[in-house]
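Asks: Please see the structure below; I have some questions.
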Amino acid sequence: MKRIYLDYAATTPTRPEVVKAMLPYFTDAFGNPSAIHSYGQEAKGAVEEARVKVADLIGARDEEIVFTSGGTEADNFAIKGVAYGKESKGNHIITSSIEHHAVIEACKFLERRGFNITYLPVDAYGLVAPDDVRKTITDKTILISVMHANNEMGTIEPIAEIGRIAKEAEIHFHTDAVQTAGHVPVDVDELGVDLLSMSAHKLYGPKGVGALYIRKGTKLVSFMHGGGQERRRRASTENVPGIVGFGKAVELAKQEMNEEAERLSYLRDQLIKSLLERIDRICLNGHPTSRLPNNVNVSIDFVEGESMCLNLDLEGICASTGSACSSASLEPSHILLAMGLSHEQAHGSLRFTLGRWTTEEELARVLDVLPQIVTKLRAMSPLLKSRR
Amino acid sequence: MKRIYLDYAATTPTRPEVVKAMLPYFTDAFGNPSAIHSYGQEAKGAVEEARVKVADLIGARDEEIVFTSGGTEADNFAIKGVAYGKESKGNHIITSSIEHHAVIEACKFLERRGFNITYLPVDAYGLVAPDDVRKTITDKTILISVMHANNEMGTIEPIAEIGRIAKEAEIHFHTDAVQTAGHVPVDVDELGVDLLSMSAHKLYGPKGVGALYIRKGTKLVSFMHGGGQERRRRASTENVPGIVGFGKAVELAKQEMNEEAERLSYLRDQLIKSLLERIDRICLNGHPTSRLPNNVNVSIDFVEGESMCLNLDLEGICASTGSACSSASLEPSHILLAMGLSHEQAHGSLRFTLGRWTTEEELARVLDVLPQIVTKLRAMSPLLKSRR
Amino acid sequence: MPDVRSLYSEKVMEHFRNPRNVGEIENPDGIGHVGNPVCGDIMELYIKVNNGTIIDAKFKTFGCGAAIATSSMVTEMVKGKSIEEALGISNRAVAQALDGLPPIKMHCSVLAEEALKSAIEDYLDKSEKRSADGEGERTP
Amino acid sequence: MPDVRSLYSEKVMEHFRNPRNVGEIENPDGIGHVGNPVCGDIMELYIKVNNGTIIDAKFKTFGCGAAIATSSMVTEMVKGKSIEEALGISNRAVAQALDGLPPIKMHCSVLAEEALKSAIEDYLDKSEKRSADGEGERTP
Ligand SMILES: Cc1ncc(COP(=O)(O)O)c(C=O)c1O
Ligand SMILES: Cc1ncc(COP(=O)(O)O)c(C=O)c1O
């Protein structure tokens, strides 16, 4: 059975062109970029070439890009870096209640160490209100961090508006663009951000590499302490093949982004429409239009997400859920709860995220299989009965 | 011209067998290990298999291994993790003056934040005296961190002795084993360590992946905050291909370590002997016997390291130096200075580190070429004249 | 290429695919209702008792794969057992019968044990009440 | 396969490989001695002056590739120049003549400029002294 992968927001396969670009840097051009000899310098050159590509994708200058081990490190670096860099000015950080764990947990760590964090609420679509940001700013506020688009329910946030508010108030502004970079246009000046996180494995690059954009002049304490790599901003021997792969992936993404976003948005809307038609007591989570092109997230009443996913998996379909029962965490998605979903609804969420290899046929198969699974699970649901 | 790589301590090429093991995890088994579907679970299985191999190399249990983005992160995690985890007990950390920057800079970061760090001196061979450790312990000491072997001048430290002292005093003990794991026997129980850092790219694995061994019961605050990966100890989507490659590299290292160490020790001693014979006013840095099998580090009077390296590079020979002029840093090696070398000697250091593909012929070529280079540089050295 | 692995044992997946004893029992002798929407697992367990022996058991479960499999397994395990024997079924026994559960899913087996205990208590409460009622009938 | 790149420009490497004017000048008219072992670069620059024109320049340098190349380049640049012209040679001019230096190596060009200035000062000091001595000879 050919499997149908619809979990592109969790991770993407590395594109063959990307793997091909990486390969020489494992075995042949394997040098340490800090070394002055030819092996070192050819590795360094490759890293710098990738840096230009990544900068180019988001309208930044290459010296404003620092490579990291992924989106989580970029988020930790931005948040802890500004917190420690600016603590003489204040200890207040504004973020949202729908951030990725990498932002939320970094903030909670700082909270335990005396910082003061505001987690802004969102509306039923998952949108942060720029006005809430404005009202929450105090003279102790040193950082605002709001994600560009949510990984779970796909809502794209009004970053440019928040950027204007941050700029006016002269407060550093960070956005987690892990889900948008390479998928929708991202321009650091248009968004008005000082810091922006990316992760290669979300855009058909390798796992274990990401980047933090740091606008020139942004005061930041290092997160990874050690050697003088990345202009002394991030220590550790550079993951040269990973960085080269990231660069290649970004280059391809830039070329194909617009066309691909259009194709996926169409498939997304078709899938949403058909799901709502074929299954009763189902609702769309997240914003209907200010939404990632590849994200479909629904809650289906009376059934639990993991058991839907497992049943789909048995049919060769890979999806995900915000249910408590999802593998790495025991709480239901804080994101869905923040939007006002009940616990039952959060546990009944199902996310399909589409990607480069998604076809109409694959989605047709989902539409064939899912209603039966829902029927089967509802037959054993005590929730359905109690509502009869 | 076939290049001669003698900078294996800086980084090693990834072995072809390792690359081969990694490849399926980029494009086919590319899942996110946190996902419950089949793609996720096969990735998770691969990560767990690698964990068993890494644990096995150092005599640990697999649940005591946490994968990181490299040696630097492992060091940062260990040091900051214990500091924050134990700060209610005390704020004193003991380390040595010859640690890698990843340890030193993490300590300096903590120092700026109110911790109290002792940097123990070393003798002329680069050895830390266990007795110095014992004497420096106070009731506020929460961590001892001494590296297993030094990356620059190769001295292997008396870790087991220090381990006994740490155990007696009930203080967490960390060792940076980035240069030893996979090269000489490393056993966490024999060494008596609670925390141990490793990096894959130093043992023919890929760059951008490492591990921290955390003895069961060691209290540690997370460094990378975010999702629940690595049993909630290290967030971020696992670098699956990197981890698989690390596992494969470790497996091969374990099989071949003893034989390879013997082969390299012989070559090392030959090279040292011949260098001392053929060049005057040259001395060996580091310990003559308690020394990494692959490390040759000498200081050559009146000549500067970078210009020697560049000249060697022109002859196709890749080596490194502790001179200020080495690429990433502007200070001369703190390690050589800590051993009591003068600034001139530190600037005149040259390191050859041997590895799997090093042959006697390669070293013969070094011995052919280096004396001429030294002669040429000495002819233009104002230091030589002033000593005449 | 690596093996395709699964979160769960084959036994769990077998019970998840084909859960035994799904449904309700009309006029059950005991009902257990445990769990809550917050944690995401809700189980209802029905038993029919005859002469101190559980002769039938059914369940309805909202929850993850492990919740469904443990529900299915526990209903299988109790059938034909005396009330006392049934009370001796531990969550570990349920998990073991399924060839183990992932550590983070052990709470599902606890829930299954609790559902069973709760159904039995319900049965015991009712039968006390019934015998009290019966005595009542006899006395006046 | 990627290109083999170098830390330095071809011009730097050319001067590093074949440094011009290595050595000392016997009875020089000026000597500049700059740098120190701590920073790792030490330069000595010798000049021979005739009629206010630098007719020869030589150097000895302990230091990195950039230190050697800038020493070589600055000695080339001053030859044939008047003292005044030579004083106008900036470190940037030296770096530019080498097709640029990596940012962290710019200090080497500064050192070369300083070595030159120091040699010229030495020359000027000496010639003042000489002319003072000369005047002295004439007066009594
Ligand atoms: C929005 C968002 N931020 C951060 C991350 C973390 O990225 P990584 O897994 O590369 O650490 C992810 C994905 O996991 C994400 O979706
Ligand atoms: C002793 C030692 N510790 C730590 C590190 C850092 O490892 P990495 O480059 O993987 O971060 C290195 C090498 O760079 C090292 O030699």
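Residue numbers (the working numbering), protein chains in the order written: chain V, 16 to 403; chain U, 16 to 403; chain P, 509 to 648; chain Y, 509 to 648.
Note that the Cβ used here is the ideal one computed from N, Cα and C, for glycine as well.
Bear in mind the structure is a predicted one, so any value in this text is a computation, not a measurement.
(1) Using the beta-carbon of each residue, which ones in chain V are nearer than 8 angstroms to P/G573?
(2) Does P/K637 pass the burial test, meaning 16 or more other C-beta atoms within 10 Å, or should it be called exposed?
(3) Whole angstroms are fine: how far does the CA of U/P221 sit from the CA of U/E321?
(4) Any heavy atom of ligand 1 closer than 7 angstroms to the beta-carbon of U/T252?
(5) What does DSSP give as the partner residue(s) for U/D22 in the beta ladder?
(6) Mind checking whether U/M395 and Y/V530 have CB atoms under 8 angstroms apart?
(7) Quick check on the DSSP output: the beta strand (DSSP E) that includes P/L553 runs from which residue to which?
(8) At a Cβ threshold of 8 angstroms, is U/P145 touching chain Y?
(9) Would you say Y/R638 reaches chain U, if we count a Cβ-Cβ gap shorter than 8 angstroms as a contact?
(10) Which residues of the region 603–637 of chain P have a Cβ closer than 7 angstroms to any Cβ of chain U? Give them in chain order.
(11) Using the DSSP secondary-structure output, state which residues sit across from P/D564 in a beta bridge.
(12) Between the beta-carbon of U/A353 and the beta-carbon of U/I113, is there less than 8 angstroms?
(13) For V/I51, which residues in chain Y fall below 7 angstroms Cβ to Cβ?
(14) Beta-carbon within less than 7 angstroms of U/T27's beta-carbon, same chain only, minus the 5 sequence neighbours each way: which residues are those?
(15) Between V/S214 and ligand 1, is the CB less than 7 angstroms from at least one heavy atom?
(16) Which residues bound the beta strand (DSSP E) around U/H187?
(17) Quick check on the DSSP output: the beta strand (DSSP E) that includes Y/C572 runs from which residue to which?
(18) Could you list which residues in chain V have their beta carbon closer than 8 angstroms to that of P/I576, in chain order?
(19) Sorry if obvious, but does the Cβ on V/T29 come closer than 7 angstroms to a heavy atom of ligand 2?
(20) On a Cα-Cα basis, can you pick out the residue from V/V193, V/D154 and V/P308 that is closest to V/E183?
(21) What are the complete alpha helix (DSSP H) segments, minimum 4 residues, inside the region 137–166 of chain V?
(22) Could you work out which residues of chain V lie near U/T87, taking near to mean beta carbons separated by less than 8 angstroms?
(23) Could you tell me which chain U residues have their CB closer than 8 angstroms to the CB of Y/R525, listed as they occur along the chain?
(24) Would you say V/G85 touches ligand 1, meaning its beta carbon is less than 7 angstroms from a heavy atom?
(25) Does the distance between the C-beta of V/D147 and the nearest non-hydrogen atom of ligand 1 fall short of 7 angstroms?
(26) State the DSSP-derived secondary structure class of P/R646, mapped to helix, strand or coil.
(27) By the 8 angstroms beta-carbon criterion, what residues does the region 110–124 of chain U contribute toward chain Y?
(28) So P/G538 and P/V557 are in contact, right, with Cβ under 8 angstroms, and what is the actual spacing, rounded?
(29) Within the 8 angstroms Cβ cut-off, does V/K391 reach chain U?
(30) Output the boundary residues of the alpha helix (DSSP H) element that contains V/A250.
(31) Whole angstroms are fine: how far does the CA of U/A250 sit from the CA of U/M213?
(32) Any beta carbon of chain V sitting closer than 8 angstroms to that of P/E552?
(33) Would V/L206 pass as a contact of V/I229 if the rule is Cβ separation under 8 angstroms?
(34) Out of U/H107, U/K263 and U/C324, state which residue places its alpha-carbon closest to the alpha-carbon of U/I315.
(35) Have a look at V/S364 and V/M162 and give me their C-alpha separation to the nearest angstrom.
(36) Is there a Cβ from chain Y that is less than 8 angstroms from the Cβ of V/Q404?
Replies: This is what the structure gives:
(1) Here the neighbours are E321, S322, L325 and C340.
(2) Counting C-beta atoms within 10 angstroms of its own C-beta, P/K637 has fewer than 16 neighbours from the protein chains shown and is therefore classed as exposed.
(3) If you take the alpha carbons of U/E321 and U/P221, they lie about 27 angstroms apart.
(4) Correct: U/T252 has its Cβ closer than 7 angstroms to ligand 1.
(5) U/D22 is bridged to U/T368.
(6) In this structure, Y/V530 lies closer than 8 angstroms to U/M395 by Cβ.
(7) In the DSSP assignment, P/L553 falls within the beta strand (DSSP E) that extends over D549 to N558.
(8) Not one chain Y Cβ lies under 8 angstroms of U/P145.
(9) In terms of beta-carbon proximity, Y/R638 stays away from the interface with chain U, with every pair separated by 8 angstroms or more.
(10) Against chain U - using a Cβ distance shorter than 7 angstroms - the region 603–637 of chain P contributes no residues.
(11) According to DSSP, P/D564 bridges with P/K556.
(12) Yes; because the gap between Cβ atoms is below 8 angstroms, this pair is in contact.
(13) Correct list: L515.
(14) Excluding sequence positions up to five before and after U/T27, its CB lies within less than 7 angstroms of the CB of H216, K217, L218, Y219 and G370, all in the same chain and listed in chain order.
(15) V/S214 Cβ: within cutoff of ligand 1.
(16) Per DSSP, U/H187 belongs to the beta strand (DSSP E) from H187 to D191.
(17) Premise fails: Y/C572 is in no beta strand (DSSP E) and is neither H nor E.
(18) Against chain V, a Cβ distance below 8 angstroms from P/I576 picks out S322 and M395.
(19) In this structure, the C-beta of V/T29 stays at least 7 angstroms away from each heavy atom of ligand 2.
(20) Nearest Cα to V/E183 within the set V/V193, V/D154 and V/P308: V/D154.
(21) 145–151, all fully within the region 137–166 of chain V.
(22) Residues of chain V with a Cβ closer than 8 angstroms to the Cβ of U/T87 are, in chain order, M239, H240, G241, G242, A250, S251 and T252.
(23) Going along chain U in sequence order, the residues near Y/R525 (Cβ under 8 angstroms) are L329.
(24) Under cutoff, so the answer is yes.
(25) Incorrect: V/D147 has no Cβ contact closer than 7 angstroms to ligand 1.
(26) Low confidence applies here, because P/R646 scores a pLDDT of 44, under 50, leaving its location unreliable and the question unanswered by this model.
(27) Cβ contacts with chain Y: none found.
(28) Confirmed, about 7 angstroms.
(29) Taking Cβ atoms only, chain U never reaches closer than 8 angstroms to V/K391, which makes this a no.
(30) Where V/A250 is concerned, there is no enclosing alpha helix (DSSP H), given that its DSSP letter is neither H nor E.
(31) So the alpha carbons of these two residues sit roughly 18 angstroms apart.
(32) By the rule that beta-carbons nearer than 8 angstroms mark a contact, P/E552 touches chain V.
(33) No, they are not a contact pair.
(34) Comparing alpha-carbon positions, the option among U/H107, U/K263 and U/C324 lying closest to U/I315 turns out to be U/C324.
(35) C-alpha separation (whole angstroms): 21 angstroms.
(36) What is shown of chain V runs 16 to 403, which leaves residue 404 of chain V out entirely.
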